[in-house]
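First up is the structure itself, then whatever we jot down about it.
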Amino acid sequence: MSPEDSALVARVIACDDRAAFGELVHRHQSAVRRFLRSLTRGDTALADDLAQDTFVLAYRSLGRFDRASKFVTWLLGIAHNYWRNAQRRQRSIPLEPVHLDAEAVPSATRSSDLQHDLAAALEHLAPEEQTAVHLSFQQGLSHREIADVLGCPLGTVKTHLTRSKENFVSSSRHGIPKADARFTRRCAH
Amino acid sequence: MESPKLTPDSPDDARIEAWLRMNSAAEPLADVGFSARVLAALPPPPATESERRRTWLCIVGAMSGAILTAAQGSRWSEAARQFAGLTTEFRAAFTPVADPSLAVGLAFAAAALAFVYWRELRARVLN
Chain B
66 MSPEDSALVA
76 RVIACDDRAA
86 FGELVHRHQS
96 AVRRFLRSLT
106 RGDTALADDL
116 AQDTFVLAYR
126 SLGRFDRASK
136 FVTWLLGIAH
146 NYWRNAQRRQ
156 RSIPLEPVHL
166 DAEAVPSATR
176 SSDLQHDLAA
186 ALEHLAPEEQ
196 TAVHLSFQQG
206 LSHREIADVL
216 GCPLGTVKTH
226 LTRSKENFVS
236 SSRHGIPKAD
246 ARFTRRCAH
Chain D
244 MESPKLTPDS
254 PDDARIEAWL
264 RMNSAAEPLA
274 DVGFSARVLA
284 ALPPPPATES
294 ERRRTWLCIV
304 GAMSGAILTA
314 AQGSRWSEAA
324 RQFAGLTTEF
334 RAAFTPVADP
344 SLAVGLAFAA
354 AALAFVYWRE
364 LRARVLN
């Protein structure tokens, strides 16, 4: 049986076991890269660069990892912070993320009007709502874990998810969701 | 995975949840050398206590040797003569190795050692 994340972390901290850290990277690279790809609107090269820096940063601050929490949640939190700092440093990085790619939806699914509207609605959610939806549905995190990753109150996460769902419902009934106008305002700023 | 509303209250809600779950069911990204690149980008491991001690010993030894050499500067010719004598004696000591039977014996011994420690040697070379 492969060792738990916490056991690998302990080995890295105790004796700088790079093979153990390599195993941690191998286990969680997909989640971190996918999260950053979604934040960078599918810019795979930029996302992989950010992911690499995220893991190096995680290695340097491994001593601060709280072993009561999940390692992948901690990593995604670092990735999110690193992404935000990178945004501040370099404004050329796209500001508005698209988390779930409408093109990834099977064609049979897209053929449905409802599902086409949902794909459009997803693209038009506010960034923080998209992040919450991505972490909830794509990464499978609990509300508490999403709050930890984003560094916001649990209630805010629930609000984002509820509002996203309302937008989906609205779009399925009325076409383009009401979040569209808000999104346009954000882009203008 | 939690959902904002655990009990969908309309057929649309159920379809939305199903769509989100299906859209999210993506294959994990292949590593394709990513982990290796991360490991290569990690900071070099800090020097251990024994490595630091060895480095200081080397520095102190080199400096002592340099100082002694400078102090003995006037005796270079004598040092060169002694070194030449040492080389001659060293060669004389190894003359028996030129004996073919001894060389074969040494080769057998080396092969036996290699056979016994093959796994360890291989692990060290490959890692």
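Top to bottom, those sequences are chains B and D. Residues 66 to 254 in our numbering are what the first sequence spells out, letter by letter. Residues 244 to 370 in our numbering are what the second sequence spells out, letter by letter. All residues carry an ideal CB built from backbone N, CA and C; glycine is no exception.
Residue contact with chain D for K135 of chain B: absent (no Cβ-Cβ distance below 8 Å to any residue of chain D). In terms of Cβ geometry, T119 of chain B and V137 of chain B do not form a close pair [threshold 8 Å].
With respect to the 8 Å criterion, L215 of chain B and T196 of chain B are classified as neighbours on the basis of their beta carbons.
Separation of A305 of chain D and A313 of chain D (C-alpha to C-alpha, rounded to the nearest whole angstrom) is 12 Å.
In this structure, S95 of chain B sits near L272 of chain D, with a CB-CB distance shorter than 8 Å. Contacts with chain B (Cβ-Cβ distance below 9 Å) from the segment 272-293 of chain D involve L272, A273, D274, F277, S278, A279, R280, V281, L282, A284, L285, P286, P288 and P289, listed in chain order.
DSSP, read as helix, strand or coil, puts R209 of chain B in helix. For I259 of chain D, the closest Cβ of chain B is nearer than 8 Å. Comparing alpha-carbon positions, the option among B:A79, B:E193, B:D81 and B:H93 lying closest to D70 of chain B turns out to be B:H93.
The segment 295-349 of chain D contains, as complete alpha helix (DSSP H) runs of 4+ residues, the segments 319-336 (chain order).
A357 of chain D and H145 of chain B have their C-alpha atoms some 53 Å from each other. The beta carbons of L101 of chain B and Q204 of chain B sit no closer together than 8 Å. Put simply, the CB of R367 of chain D is far from chain B, with every gap to its CB atoms at 8 Å or more. Scanning D:A350, D:P343, D:L285 and D:A309 for the CA closest to the CA of D81 of chain B turns up D:L285. Residue state for Q203 of chain B is assigned as helix, using DSSP reduced to three classes. DSSP, reduced to helix, strand and coil, places E363 of chain D within a helical segment of the structure shown.
By the criterion of a C-beta distance shorter than 8 Å, Y147 of chain B is surrounded in its chain by L115, D118, T119 and L122, once the five residues flanking it on both sides are discounted. Below 8 Å, too few C-beta pairs join the segment 123-133 of chain B and the segment 292-308 of chain D to call them touching: fewer than three. Contact with chain D is absent for Y147 of chain B, since none of that chain's Cβ atoms lies less than 8 Å from the residue's Cβ.
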